[in-house]
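K.L.:
One structure coming up, written as structure tokens, with questions to follow.
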Amino acid sequence: MIQPTFVFLHALGSSKREWELVCRHLGSAPCMALDLPGFGDRVDEGYADVTAMADDLADTIRRNGLTACILVGHSMGGKIATIVAARAAAGEIGLAGVLGVALVAASPPSPEPMDEERRAQMIGWVAGGSIGQDDAETFVEANTASPLPPELHDRAVADVRRSSREAWLGWLERGSLEDWSGQVGQISIPALIVAGSEDGDLNEDAQRRLNAPHYRHADIRVVDGAAHMIPYEQPEALTRALENYAASLAPSILPSGFVHVLSSDRVSRRTRAAMLERTRPVSDAGLPWSDAERATVQDLIAHILPEDVSAPDLAQRVEVAITQGSGDGWRFADLPPDPEAWRQGLLTLDALTGRFAALDHGTQADWLDRIAAGNDEATANAGPFSPEQMALWFQDVRAEVVRQWAALPSTMAAIGYDGFAVGGDGPRKQGYRRTGANDVEAWQTVREKIA
Amino acid sequence: MSRAPYATTEMVDAVVIGTGAGGAPLTARLAEAGLSVVALEAGRSFKPNEHVADELAADIYWMEERLSGGNDPTAFGSNNSGMGVGGSTLHWGAFCPRPDPRDLQLKTMTGQGADWPVPHAELIAYVKEVEAFTGVSGPARYPWDDSRRYAYPPVPRNASAEAMARGCEALGITVADAPAALVSRDREQPHWGQRQACVNCGTCHQGCRNAAKTSMDTSYLPMAAAHGAEIRSQARVMSFEFDQHGRIDGVVYHQGGQEHRQRCRAVFLCAGGVESPRLLLNLGLANSSGQVGRNFMAHVATQVWGRFDDEMRMNRGYPSSLISEDMMRPADADCVGGYLMQSLGVLPVNLATGLARGAGMWGTRLQSILRNYNRMAGIGINGDCLPHPDNRLTLSDETDAFGHRKARIDFSYHANERAIDQHSRRVMTAIWEAAGAQDIFAVDRSAHTIGTCRMGDNGDEAVVDADGRSFDIANLWICDNSVFPSALAANPALTIMALSLRTADRFLASGR
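Residue numbers (full-length UniProt numbering), protein chains in the order written: chain C, 1 to 451; chain H, 1 to 512.
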């Protein structure tokens, strides 16, 4: 079982040290906490703007060859995580392993809501150079619901104090004010959004208004007893939320060797984005089928692809394709349009069989054989569809199920298909050098070794 | 003379509807001759690099719904219908055998089907011109035509081709590297730029990303533009306007949410075997013969698949890299016409839907075959198809987003198609057995949209004359696979491009 790596990004005036407790609680899960330029051990690097910080994160993901990772961004770091997630979802090279984003009291891609007096005050703290002890303590106390234990308090204050003046000003005067919302758009990568119950400007309400709309799926959790410095204030609660979130992403994890190839320059941006889109969870919300209809479709899938019933969200993908897709360019003239055909097909199936989902597998299988034959007089007049129509509809069902299944990256990985990795966006496409039987190219076998 | 962009109020010499194999070469020819030409394309324009090597994400197909009826409904969408500047040449397989002379004289030689009112030698002269302009790769010596030469050496065989060669050799069937409309060496394409040598990526049907494959957007359309033609994309033709003599003097189209009218002296309808007749039927035009929509034909495209012990990875390499023309007139088949055989390499979704539909599979067997994707290989045919009164395109009562009624196409195999299908199954199964395949099975499939605006000498039986001109409307010309009097076993695109040049020449010679 592959465990995704948590990649942690700290807040303004902080450092990777803010994640020590969370990482300890996470136990064996791989953690990578970063210092952003101008903070922590990288104070000497001074100010890096939002673009540079995002590039820094993207380069770190690439350099470390991360093939399954969750970006965790606290406050300022959240804006960076969201921007990189948007780049990953759009198919940027080397970022195919970004599975999820956890935003912790995160700054949004749009200008961060911040009281202007407070901004001015914080800018004033560095008027004389570095931040003084009193000001740093004011900052930590303003961002916590109750006093931190002395050791943590001292660590947080020390990190504020050692922040680079340029980086501190850069975020307050520019980075936090930059509006990236248009570029970020809506991201297909699912997000966990964590807010502190006692937070101010970046509280739950702000998260719902400013961060959640940028994610197609966002699960919002409020941590009690925390204001803005949640990793210091409530590390155990935050860890539990991260663990649950990581578990929910497990179905979208692909073998690392496969992601290595998918991330590589052998794959075009458009192809990578299209494939990654199919790794994202599909929500039932807003889809039209009833639970009973879904149960029947799930049973049909179990007959069509008996070994892959658990392919990620396959039934939901079929439902989306049928009810919201643009179709495949044709349909049988003897059937109504696809959404209606599936309604009537499912209705007829239940009318024929009593209730299909209530039957045992063997009885269901017998019925499907009869339906596929299409000429079973005993099945006539049971429901809206004739036996001939049922045979055509069942053909459509089979085709749509296998079409969605074969297009899943997890299926491609399972069958060893790498035909998507035949040309990136460079001036020359790689294609295949070898085309004969048993003559496998080195990069194709690398994939298998890594996997 | 005026130059593009043309004003819609300007009377241009010709409007061409559709920029695929039928529309593009004649657009170039007419523009080269100094005519003012506007080509209207329903789809968008692409750069080759934009194509997506993914079966579901590729966006170069005509995906608007068509209704498919009959006993052997044929699939549309990605199976045979393109959309975009370049039309179906964006996604075609580039397999480009030449039309067989016997196929053009089917009626004379067998009493069945229809003859072409175009001499084979004349057609082949145009075929050679197309081959020279676009660049074709093929064998140094073509076993069924000793005089034939190809500009580029063949692309490497894929694993299916190697197996097919092995099986055919054991059975005494002749094979050759297939003529492929792609360049196996870098080529400077006039008016466009560098087309890079094929890199064996195997995604021809998703769009060629380095322009190795012949596609109208990287060949004839740039030539047309260089000679002053204007190509308008995302322009959907709605209707025609006429002068008092019954000649079309304007084409009405939708573009960017607005209705436009392009004034013109002549119209070339090149929208393909489905959209050309659909437009005419929707408008009630050019159909005094009652033949618009009739004589729909699709190639018998049966496939035989099997599993090998070897790792085939059939997606690698140009899919149709081997051909046999030995079955063009099979002695023991009880059919007129015949079929071409080719090696296959298909991508997973295509294989999966083929199994689910054409082989009627589901369950453990289907799943086990798909899981063995890398050990699967296939061969397929392109078999002639006779016209039949039942096989036709009509209009459904349902309308599309533009208010035009959708096409309904009824298609059923009859005795001749069934005979070809059965014979080819026997032959291909024997080849696959000889090649060492296991678990061999066949997939029913038909391909290509042919007929529906038949060309002929008699206005009571045909929609256009031997030049491609409508019998009813003097300045309406049709050029695409809809005018084919018979299906021919050869894949249609090369013949369509040849006919396109010929249509332009006949138009220019006609004094208009």
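No residue lacks a Cβ here, since even glycine has one placed at the ideal position from N, Cα and C.
Here the structure is a predicted model, which means the values were calculated and not measured.
(1) Would you kindly work out how many angstroms separate the C-alpha atoms of arginine 63 of chain C and valine 318 of chain C, rounded to a whole number?
(2) Would you list the one or two residues that DSSP bridges to valine 237 of chain H?
(3) Starting from the C-beta of glycine 170 of chain C, find all residues in its chain whose C-beta is less than 6 angstroms away, skip the five residues before and the five after it, and write them out in chain order.
(4) What residue range does the alpha helix (DSSP H) around aspartate 55 of chain C cover?
(5) In or out: leucine 171 of chain H buried (at least 16 other Cβ within 10 Å) or exposed?
(6) Is the stretch 116-124 of chain H touching the stretch 304-317 of chain H, taking contact as three or more C-beta pairs under 8 angstroms?
(7) Of all the options H/Ile431, H/Ser470, H/Ile420 and H/Val463, which has the alpha carbon lying nearest to the alpha carbon of alanine 165 of chain H?
(8) Which residue from H/Ser482, H/His245, H/Ser396 and H/Met376 puts its Cα closest to that of phenylalanine 441 of chain H?
(9) So, residue 572 of chain H versus lysine 429 of chain C, is the Cβ gap smaller than 8 angstroms?
(10) I'd like to know whether the C-beta atoms of asparagine 382 of chain H and leucine 355 of chain H end up nearer to each other than 8 angstroms.
(11) Please state the DSSP three-state secondary structure of glycine 227 of chain H.
(12) Along the alpha helix (DSSP H) that carries leucine 152 of chain C, what are the first and last residues, could you check?
(13) Which bits of chain H does phenylalanine 420 of chain C rub up against, with CB to CB less than 7 angstroms?
(14) Do alanine 407 of chain H and arginine 236 of chain H have their C-beta atoms within less than 8 angstroms of each other?
(15) Would you kindly report the start and end of the unbroken beta strand (DSSP E) that includes alanine 167 of chain C?
(16) Residues of the stretch 197-210 of chain H in Cβ contact with chain C at a cutoff of 7 angstroms, in chain order, please.
(17) Taking Cβ positions only, does methionine 63 of chain H come closer than 8 angstroms to chain C?
(18) Take the Cβ of threonine 364 of chain H as the centre, count every other Cβ of all protein chains shown within 10 Å, and call the residue buried at 16 or more, exposed below.
(19) Look at methionine 223 of chain H and alanine 28 of chain H and say whether their C-beta atoms are less than 8 angstroms apart.
(20) Below 9 angstroms on C-beta distance, what does serine 268 of chain C contact in chain H?
(21) Between isoleucine 450 of chain C and leucine 99 of chain C, what straight-line distance do the alpha-carbon atoms span, to the nearest angstrom?
(22) Nearer than 7 angstroms: is that true of the beta carbon of alanine 437 of chain H relative to any heavy atom of the ligand SAH?
(23) Please classify tyrosine 142 of chain H: does DSSP put it in a helix, a strand, or coil?
(24) Within 8 angstroms of any Cβ in chain H, is that where the Cβ of glycine 383 of chain C sits?
(25) Whole angstroms are fine: how far does the CA of leucine 352 of chain C sit from the CA of glutamate 377 of chain C?
(26) Beta-carbon of valine 318 of chain C versus every beta-carbon of chain H: anything under 8 angstroms?
(27) Alpha carbons only, please: which of H/Pro153, H/Ala504 and H/Ser239 is nearest the one belonging to tyrosine 126 of chain H?
(28) Listed in chain order, which residues of the stretch 292-314 of chain C have Cβ atoms closer than 8 angstroms to some Cβ of chain H?
(29) Within the stretch 267-341 of chain C, note down every full beta strand (DSSP E) run reaching 3 residues or more, in order along the chain.
(30) Examine chain C for any beta-carbon lying closer than 8 angstroms to the beta-carbon of glycine 363 of chain H, and answer yes or no.
(31) Between methionine 390 of chain C and chain H, is the shortest Cβ-Cβ distance under 8 angstroms, so that the two count as touching?
(32) Could you give the distance in angstroms between the alpha-carbon of alanine 136 of chain C and the alpha-carbon of threonine 5 of chain C?
(33) What in chain C is Cβ-close to residue 524 of chain H, meaning under 8 angstroms?
(34) Which of the three DSSP states, helix, strand or coil, is assigned to serine 343 of chain H?
(35) Check the C-beta distance from serine 130 of chain C over to arginine 165 of chain C and give it rounded, since I have them as a contact under 8 angstroms.
P.N.:
A quick look at the data gives this:
(1) 37 angstroms
(2) H/Tyr253
(3) Tyr47
(4) 50-63
(5) exposed
(6) no
(7) H/Ile431
(8) H/Met376
(9) Here chain H has residues from 1 to 512 only, and residue 572 of chain H is not among them.
(10) no
(11) For the record, residue 227 of chain H in the displayed sequence is histidine; it is not glycine. Three-state result, histidine 227 of chain H: coil.
(12) 150-162
(13) Ala53 and Asp54
(14) no
(15) No beta strand (DSSP E) contains alanine 167 of chain C, which is instead part of the alpha helix (DSSP H) from 165-173.
(16) Val199, Asn200, Cys201, Gly202, Thr203, Arg209 and Asn210
(17) yes
(18) exposed
(19) yes
(20) Asn49, Glu50, His51, Val52, Ala53 and Arg209
(21) Confidence is the limiting factor: at isoleucine 450 of chain C the pLDDT is only 48, short of 50, which leaves the residue's position unreliable and the question unanswerable from this model.
(22) Looking for the ligand SAH in the displayed structure turns up nothing, as the structure carries no ligands at all.
(23) strand
(24) no
(25) 12 angstroms
(26) no
(27) H/Ala504
(28) His303, Ile304, Leu305, Pro306, Glu307 and Asp308
(29) 330-332
(30) yes
(31) no
(32) 32 angstroms
(33) There is simply no residue 524 of chain H to check, as chain H begins at 1 and stops at 512 in what is shown.
(34) strand
(35) 6 angstroms
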